[in-house]
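Note that numbering that gives the first Met the number 0 has the sequence shown beginning at 0, numbered continuously upward. All C-beta atoms in this analysis are idealised placements derived from N, C-alpha and C, irrespective of residue type, glycine included. Please read all numbers here as calculations on a predicted model, not as lab measurements.
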Amino acid sequence: MNRALIVSPEGETCELIGQVLAGEGFGKTAHAASGSEARRILGRDTEPELIVINAPLSDEFGQELAELAAEITSAGLILICGSDIADDVADKVSDSGVTVLAKPLSRAVLSRTVRVVCASRSRMMGLKKESDEILTKIDEMRLINRAKSTLMQYLKFTEPQAHRYIEKQAMNTRQTRREVAMRILATYER
0 MNRALIVSPE GETCELIGQV LAGEGFGKTA HAASGSEARR ILGRDTEPEL IVINAPLSDE
60 FGQELAELAA EITSAGLILI CGSDIADDVA DKVSDSGVTV LAKPLSRAVL SRTVRVVCAS
120 RSRMMGLKKE SDEILTKIDE MRLINRAKST LMQYLKFTEP QAHRYIEKQA MNTRQTRREV
180 AMRILATYER
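Here is the structure:
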């Protein structure tokens, strides 16, 4: 079930946001009336998938909160502000990945924007997962290459012999190549 955070003083816009999010499948929606309350909510363990900020807030405008949320979360971010300043605010927060909507707000525009922001977040999370997997593989390759170098240095193996030794040890001991490489490094690099 999708989680969202609405940061808005009570009112019609807050109610509209809640209805649209419920219609878009956000079952768990937290509400904060101020920026400081939103910061406390963001400090908890559960991270929302979407944060909607209806500016101005009671203790700040909301732009700073949006930029902070972009830094510390992977949530999709929507900042709603007056139409007279929407373009200026959008220029300031666009590099942070915050989508800016101008008031007055219609249900259709908000609903479309929520879908687009959620789709973008989903794509970003997929790319992040892929990037993390690639970095893990690179780290594993570095570790295995260090183990090969160690075997070549201490046991005078050639590179193909060291490679075959690690592969054979992994198969014979039913361990990963990473585990075999770590064992080799623990043995020879003291």
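- Taking a 10 Å sphere around the C-beta of residue 108, we find fewer than 16 other C-beta atoms and assign the residue as exposed.
- A straight line joining the alpha-carbon of residue 62 with that of residue 21 spans about 25 Å.
- Nearest in C-alpha terms to residue 48, of all of 119, 13 and 84, is 119.
- Around the C-beta of residue 53, 16 or more other C-beta atoms lie within 10 Å, and the residue is accordingly described as buried.
- Taking 4 residues as the minimum length, the alpha helix (DSSP H) runs contained wholly in the segment 8–38 are 11–22, in order along the chain.
- C-alpha of residue 45 to C-alpha of residue 183: approximately 40 Å in a straight line.
- Taken through DSSP and simplified to helix, strand or coil, residue 45 comes out as coil.
- Looking at 79, 89, 103 and 131, the one whose alpha-carbon comes closest to that of residue 55 is 79.
- The Cβ-Cβ distance between residue 37 and residue 64 falls below 7 Å.
- DSSP, read as helix, strand or coil, puts residue 75 in strand.
- Under the three-pair Cβ rule at 8 Å, the segment 164–184 counts as touching the segment 145–154.
- Per the coordinates, the alpha-carbon of residue 60 lies some 10 Å from the alpha-carbon of residue 33.
- For residue 167, the uninterrupted alpha helix (DSSP H) run begins and ends at 158–172, by DSSP.
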